[in-house]
Amino acid sequence: MNDALMKRLKAFLLREDNITLLGSPATEDEIANAQQRLNVDFHDDYLQFIRTFGGAYVGLAVYAFSNGSSLGKETVVDLTLRFREQFQSSVFAETLQTSYVISMDGSGDPIFIDQAAQVFMYYHLTGEIKLIAASFESLIENNFVEW
Numbered sequence: 001m002n003d004a005l006m007k008r009l010k011a012f013l014l015r016e017d018n019i020t021l022l023g024s025p026a027t028e029d030e031i032a033n034a035q036q037r038l039n040v041d042f043h044d045d046y047l048q049f050i051r052t053f054g055g056a057y058v059g060l061a062v063y064a065f066s067n068g069s070s071l072g073k074e075t076v077v078d079l080t081l082r083f084r085e086q087f088q089s090s091v092f093a094e095t096l097q098t099s100y101v102i103s104m105d106g107s108g109d110p111i112f113i114d115q116a117a118q119v120f121m122y123y124h125l126t127g128e129i130k131l132i133a134a135s136f137e138s139l140i141e142n143n144f145v146e147w
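Per the UniProt record's numbering, the very first residue in the sequence shown carries number 1; after that it's consecutive.
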């Protein structure tokens, strides 16, 4: 992710009044185990984010392994495996096998990153998959607003 965005994120998340939004940085073991379990490779921008912030809220919840307390305890592995199971008989199933779920919207629709590092949302009521950002960095830039 670009330096200016990382600087903004750090300034926001490291403020004492935002402590519940910030998780603990992901370890290399957590990352390696998750990638192996999910059979995916996390993309560089997502890796940079979770190595720095863990799971954190930045205009949307971004799940990792140790999330900010306001996000709850579900991990990227938990979310991905749950949605893989839930949608195993849908047209979305094949896509999910090579992607990982990093967030959800307010309706419980998964937000995921595919092999090409693009970010999509699966609308479970309609079965539609929609591109919402060209990259994880774009997703954060489009959603993050300092308070």
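Using N, Cα and C, we set each Cβ at its ideal position, and we do this for glycine too.
DSSP three-state call for residue i: helix, strand or coil?
{"i": "residue 65", "result": "coil"}
{"i": "residue 144", "result": "coil"}
{"i": "residue 2", "result": "coil"}
{"i": "residue 8", "result": "helix"}
{"i": "residue 21", "result": "helix"}
{"i": "residue 13", "result": "helix"}
Note down, in chain order, each residue of its chain lying with its Cβ closer than 6 Å to the Cβ of residue i, except the 5 sequence neighbours on either side.
{"i": "residue 139", "result": "119, 133"}
{"i": "residue 123", "result": "109"}
{"i": "residue 40", "result": "100"}
Answer yes or no: do residue i and residue j have a C-beta to C-beta separation smaller than 9 Å?
{"i": "residue 70", "j": "residue 9", "result": "no"}
{"i": "residue 111", "j": "residue 76", "result": "no"}
{"i": "residue 64", "j": "residue 23", "result": "yes"}
{"i": "residue 1", "j": "residue 48", "result": "yes"}
{"i": "residue 117", "j": "residue 45", "result": "yes"}
{"i": "residue 92", "j": "residue 129", "result": "yes"}
{"i": "residue 12", "j": "residue 147", "result": "yes"}
Please work out which residues of its chain come closer than 7 Å, Cβ to Cβ, to residue i, disregarding the five sequence neighbours upstream and downstream, and give them in chain order.
{"i": "residue 57", "result": "21, 68, 70, 71"}
{"i": "residue 59", "result": "143, 144, 145"}
{"i": "residue 102", "result": "46, 62, 63, 76, 111, 112, 113"}
{"i": "residue 37", "result": "77"}
I'd like the list of long-range same chain contacts for residue i, defined as Cβ closer than 8 Å, with 5 residues on each side in sequence excluded.
{"i": "residue 114", "result": "95, 98, 99, 120"}
{"i": "residue 137", "result": "1, 2, 5, 45"}
{"i": "residue 14", "result": "22"}
May I have a chain-ordered list of the alpha helix (DSSP H) segments no shorter than 4 residues that lie completely inside the UniProt domain "Knr4/Smi1-like" (25-142)?
As far as the UniProt domain "Knr4/Smi1-like" (25-142) is concerned, its whole alpha helix (DSSP H) runs of at least 4 residues are 28-38, 44-53, 76-86, 93-97.
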